[in-house]
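Numbering (our numbering), first residue to last: 98 to 252.
What follows is one structure encoded as structure tokens, with my remarks underneath.
Right, here's the structure in full:
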């Protein structure tokens, strides 16, 4: 088995290869959605499972996402440099959501990240996964970031 440092380096190296972008977009989310239900993850990076209500269907949608911690969990809607992901549009329509980190699930409220924090957070994401900078450049759109703020039990 690869040591965690070697695994992390491998994932960083292949992160922007065209064949890996395909796998990362179509295969890894399915694997992570399954693993995160048990508190496990497929990658060496901090990953949470976000559950939103569909903005059209109202049905629950699950998205595994890398995150940063800062007064909650900060997530980026890069979608590998493609169109805005559904989970981001869901949050814009209905900011109440659920986050599962490890084996702990919590109710959260999504708020857009202020423009004056956006680049600092992008630096944080790129520190552990440099391909985020390529995704931003390739996107040709403003990429939303969201802070998922845990709600107290009595709220």
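Ideal Cβ placement from N, Cα and C applies to all residues, glycine included.
Asked, Found
"Inter-residue Cα distance where the pair is residue 153 and residue 170", "25 Å"
"Limits of the beta strand (DSSP E) - the one that residue 246 falls within", "242-247"
"Through-space distance from residue 237 to residue 196, alpha-carbon basis", "29 Å"
"Residue 189 - DSSP class collapsed to helix/strand/coil", "helix"
"Cβ-based burial, residue 187 [other Cβ within 10 Å; buried from 16]", "buried"
"Of the residues 239, 208, 248, 233, the one placed nearest residue 177, counting alpha carbons only", "233"
"CA nearest to the CA of residue 198, picked from 160, 179, 174", "160"
"Residue 163 and residue 149 closer than 8 Å at C-beta", "no"
"Limits of the beta strand (DSSP E) - the one that residue 208 falls within", "201-209"
"Of the residues 173, 209, 202, the one placed nearest residue 248, counting alpha carbons only", "202"
"Where residue 245 falls, given that 16 or more other Cβ within 10 Å makes a residue buried", "buried"
"Backbone secondary structure at residue 142 - three-state DSSP", "coil"
"As assigned by DSSP and simplified to three states, the class of residue 239", "coil"
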